[in-house]
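These notes are about the structure you will find just below.
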């Protein structure tokens, strides 16, 4: 399986990716770690997305199976069987990010991105062959995730009241 996991920070990508990689025996590609290792993160915290995409495309070409995870993976297209966008209710996401100590503006920006389907829309626009979304407001086991993946994912539409 060649699987890309993306979504707003705090949706559960890293936790799920580790579980899936162990269960499926796949190579785990952590986009954030790869960006840091290759010195692609600038002093202002932004990442050179073009270079990150090129590095990941080169790495994934050599692999028969992989789990790639990171919020930036919606910004470019990796060759994969499926791009799964993990979703989280915006109010729950705000609590998770606050626990991580996110600054107020960064927290608000990420909650807004989730409410506006930013990662989903970008993944679709950047040409992933198959894009699905999985509601991860309540974290799922690897088996439950794989079952939902096979069924085509979840329909996620946040009500405006869940954002405020």
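Numbering (this note's numbering), first residue to last: 58 to 221.
Ideal placement from N, C-alpha and C gives every residue a C-beta, glycine not left out.
The beta strand (DSSP E) enclosing residue i, as first and last residue numbers
i	result
residue 59	59-63
residue 192	188-192
residue 86	84-87
residue 143	139-144
is_contact[residue i, chain D] using C-beta, thresh 8 Å
i	result
residue 94	Among the chains of the structure shown, chain D does not appear; only one protein chain is present.
Reduced DSSP secondary structure (H/G/I, E/B, other) of residue i
i	result
residue 133	coil
residue 160	coil
residue 173	coil
residue 203	helix
Start and end residues, alpha helix (DSSP H) containing residue i
i	result
residue 153	147-156
residue 212	Careful: residue 212 lies outside any alpha helix (DSSP H) and carries neither H nor E.
residue 195	Where residue 195 is concerned, there is no enclosing alpha helix (DSSP H), given that its DSSP letter is neither H nor E.
residue 81	70-81
Proximal residues to residue i (C-beta, below 6 Å), its chain only, five neighbours per side dropped
i	result
residue 64	70, 142, 143, 176
residue 203	none
residue 103	none
residue 110	133
Supposed contact pair residue j and residue i - C-beta distance, whole angstroms, cut 8 Å
i	j	result
residue 194	residue 145	5 Å
Inter-residue Cα distance where the pair is residue i and residue j
i	j	result
residue 164	residue 79	31 Å
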